[in-house]
Amino acid sequence: MSHVTYNPWHGCHRYSEGCVNCYVYRRDDSIGKDASVITRTASFSLPVSRKRNGEYKMPSGSHVYCCMTSDFFLEDADQWRPEVWKMIRERSDVDFTIITKRIARMHECLPEDWNDGYDNVTICCTMESQKQADIRYPIFMALPIKHREVICEPLLTPIDFHGQLDKRIELVVCGGESGDKARDCDYEWILDIRRQCIESDVPFYFKQTGASFRKNGHLYKIERRLQMSQARKAGINYRHH
Ligand code: SF4
Numbered sequence: 013m014s015h016v017t018y019n020p021w022h023g024c025h026r027y028s029e030g031c032v033n034c035y036v037y038r039r040d041d042s043i044g045k046d047a048s049v050i051t052r053t054a055s056f057s058l059p060v061s062r063k064r065n066g067e068y069k070m071p072s073g074s075h076v077y078c079c080m081t082s083d084f085f086l087e088d089a090d091q092w093r094p095e096v097w098k099m100i101r102e103r104s105d106v107d108f109t110i111i112t113k114r115i116a117r118m119h120e121c122l123p124e125d126w127n128d129g130y131d132n133v134t135i136c137c138t139m140e141s142q143k144q145a146d147i148r149y150p151i152f153m154a155l156p157i158k159h160r161e162v163i164c165e166p167l168l169t170p171i172d173f174h175g176q177l178d179k180r181i182e183l184v185v186c187g188g189e190s191g192d193k194a195r196d197c198d199y200e201w202i203l204d205i206r207r208q209c210i211e212s213d214v215p216f217y218f219k220q221t222g223a224s225f226r227k228n229g230h231l232y233k234i235e236r237r238l239q240m241s242q243a244r245k246a247g248i249n250y251r252h253h
């Protein structure tokens with residue numbers, strides 16, 4: 013299966029504590045670009061673009077990560093989003109993953125024929141702290157969505173889901189923060205979320221340690237290239253039996 017990144021617009025506004033060290037800002041700053049200016053990109057029509065021979069450029073069966081340099085439900089993109097929904101509907105042969113912190117806006121941003129969700133869309137809601145989990149989780153679970161994932165990254169505090177994790181969640185992803193200014197992530201927080209997942213039989217994936225990782229009271233500075241492999245080595249991912 014081919015993995016594709018599709019960025020219909022670029023740029024964002026900081027929204028919650030997880031945004032403090034936003035990688036879009038970091039990357040744009042390094043090239044003298046202002047990430048708070050929201051622009052429609054040249055690849056806006058990528059899902060329905062065709063090659064000379066008439067075939068779609070995005071092969072059937074692709075897995076598409078949508079809007080990785082912005083937030084899909086950003087206000088500034090309200091004018092463009094209906095056209096993207098149309099393309100997503102046309103490409104029912106392709107899976108789209110949308111990661112958002114702005115789950116509170118999703119309801120007002122849905123297309124008319126959304127009903128109980130498009131089969132080919134997975135919505136991933138980011139909950140980086142207890143505060144955001146308490147706000148976003150109930151909203152997320154009340155929305156009509158066919159495929160849902162929870163993303164606790166960058167994980168900034170322990171999170172108690174108050175026994176509310178349920179099997180409609182297809183995956184919980186956890187990870188620390190990367191970059192020079194990364195805030196600490198504690199392995200105990202990761203393990204505790206994993207415990208809650210296992211209790212509710214929800215798959216769990218430890219994606220990366222982040223750059224500043226506390227384990228058994230010691231703080232480890234971990235190089236970027238080792239952050240994912242160290243997480244993998246922990247061997248704590250969980251799938252349904
Ligand atoms: S929502 Fe995402 S892209 Fe937007 S500022 Fe926050 S971290 Fe950056």
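The opening residue of the sequence shown carries number 13 in this note's numbering; numbering runs sequentially from there. C-beta atoms are modelled at their ideal positions from N, C-alpha and C, and glycine is treated no differently. Small disclaimer: the values here were computed from a predicted structure and weren't measured.
Cα atoms of Val76 and Phe108: separation of roughly 5 Å, rounded to the nearest angstrom. At least one heavy atom of ligand 1 sits closer than 7 Å to the Cβ of Ser82. Assignment of Trp97 by DSSP, reduced to helix, strand and coil, places it in the helix class.
For Ser224, the beta-bridge partners assigned by DSSP are Lys233. Restricting attention to Val16, Arg180, Cys79, Asp88, the CA atom closest to the CA of Gly73 is found in Val16.
Tyr18 is a Cβ neighbour of Cys78, given a cutoff of 8 Å.
Contact annotation: Gly188 and Asn33 have beta-carbon atoms that are not nearer than 8 Å. Cβ contact annotation for Val96 (same chain, cutoff 6 Å, sequence separation greater than five): Pro20, in chain order.
Here His22 is buried. Its C-beta has 16 or more other C-beta atoms within 10 Å.
An exposed status is given to Pro150, since fewer than 16 other beta-carbon atoms sit within 10 Å of its beta-carbon.
In the DSSP assignment, Cys78 falls outside any alpha helix (DSSP H) and lies within the beta strand (DSSP E) extending over 75-78.
Excluding the 5 residues flanking it on each side, Ile115 has same chain C-beta neighbours closer than 6 Å at Cys137, Arg148, Ile151, Phe152, in chain order. The beta carbon of Tyr18 sits no closer than 7 Å to any heavy atom of ligand 1. Counting only runs that start and end inside the region 167-212, the beta strand (DSSP E) elements of at least 3 residues fall at 181-187. Taken through DSSP and simplified to helix, strand or coil, Ile135 comes out as strand.
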